[in-house]
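Peer 1: Residue numbers are given in this note's numbering: position 7 of the sequence shown equals residue 79, and the series is strictly consecutive.
Here you go, one structure.
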Amino acid sequence: CLIVLVCPHQASTLLSFVFWHQSSQSTSPQQGLVAKISLTSSLWPEVKHPDPVEEAKYHPEVVQKVNQLIASGHYRSLFAVVHFTSKQWKITSEDLIVMDNALEAECGDRIWMGKVLLVGADDFTLMGRPLLGKDLVHVEATVIEKTKSWPQISMHFWSRHNYQRKKIIVKPSDCPTDKQHIDFPLFV
């Protein structure tokens with residue numbers, strides 16, 4: 073603790089000494105003490121985009137290898153990501169999809185899933201930007217079952233107001249399945 077007794081005529085010299093002492097020291101902050109905020113630097117690392125010339129060199133080779141795999145049929149564990157009933161579903165062959173909303177199709181009807189976002193296997197992945205072409209991939213499903221959900225009871229009650237309302241809600245529940253119908257009509 074420092075106690076200084078200053079006379080009024082010495083106050084101006086003391087203040088000038090304090091300002092001179094502060095200005096003579098380094099005003100730049102040390103490198104390790106700068107806060108990392110969006111104004112000083114980027115919070116995310118820089119994205120390095122591939123060179124278009126190099127990418128164009130490898131593109132025909134990759135397309136040829138994928139076409140050979142599709143033509144020979146030697147791909148395993150084929151899957152697709154489809155957009156169906158306002159949701160995205162990852163499906164493989166023999167998968168069941170249980171939906172919460174009504175579907176106009178009857179049992180046994182085949183459904184064509186046209187919005188295919190991605191198709192992949194162990195060796196390759198075809199990604200759409202945002203969708204794969206309709207001439208490239210064909211995904212179909214079959215409706216197996218149309219049932220109702222369990223009854224859901226919605227009860228509204230106000231105490232001491234003689235007010236009770238009960239609603240029983242039963243939603244339709246459809247179950248289309250994908251039965252080995254992820255096809256490649258044409259090659260990439």
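Idealized CB from N, CA, C, for every residue including glycine.
For residue 214 versus residue 245, is the C-beta distance shorter than 7 Å?
Peer 2: Residue 214 sits at position 142 when you count from the first residue of the sequence shown. Residue 245 sits at position 173 when you count from the first residue of the sequence shown. No, they are not a contact pair.
Peer 1: What residue range is occupied by the uninterrupted alpha helix (DSSP H) comprising residue 131?
Peer 2: In the sequence shown, the residue the question calls residue 131 occupies position 59. Residue 131 -> alpha helix (DSSP H) spans 124-144.
Peer 1: What three-state label does DSSP hand residue 235 in the structure shown?
Peer 2: The sequence position of residue 235 within the sequence shown is 163, counting from 1. Strand, per DSSP.
Peer 1: Which residues mark the beginning and the end of the beta strand (DSSP E) in which residue 171 is found?
Peer 2: Locating residue 171 in the sequence shown gives position 99, where the first residue counts as 1. Neither: residue 171 is in no beta strand (DSSP E) and is coded neither H nor E.
Peer 1: On the CB-based measure, 16 or more other CB atoms within 10 Å of its CB, does residue 229 come out buried or exposed?
Peer 2: One-based indexing of the sequence shown puts residue 229 at position 157. Exposed, because fewer than 16 other Cβ atoms sit within 10 Å of the Cβ of residue 229.
Peer 1: Using the three-state DSSP reduction, which class does residue 155 fall into: helix, strand or coil?
Peer 2: Walking along the sequence shown from the start, residue 155 turns up at place 83. Note: residue 155 maps to strand in three-state DSSP.
Peer 1: Kindly list the residues whose CB is nearer than 7 Å to the CB of residue 199, restricted to its own chain and excluding five residues on each side of it in sequence; keep chain order.
Peer 2: Stepping through the sequence shown from its first residue, residue 199 is reached at position 127. The answer, listed in chain order, is 190.
Peer 1: Please report how far the alpha carbon of residue 95 lies from the alpha carbon of residue 116, in whole angstroms.
Peer 2: As a working note, residue 95 is residue 23 in the sequence shown. As a working note, residue 116 is residue 44 in the sequence shown. With a pLDDT of only 48 at residue 95, under the threshold of 50, the placement of this residue in the model should not be trusted, and no figure is reported.
Peer 1: Relative to the alpha-carbon of residue 148, which residue among 192, 242, 234, 179 has its alpha-carbon at the smallest distance?
Peer 2: The count along the sequence shown starts at 1 and reaches residue 148 at position 76. The residue with the shortest Cα to Cα distance from residue 148 is 192.
Peer 1: Give me the Cα-Cα distance between residue 170 and residue 160, rounded to the nearest whole angstrom.
Peer 2: On the sequence shown, residue 170 is found 98 positions in, with the first residue counted as 1. On the sequence shown, residue 160 is found 88 positions in, with the first residue counted as 1. Using only the alpha carbons, I get a separation of about 13 Å.
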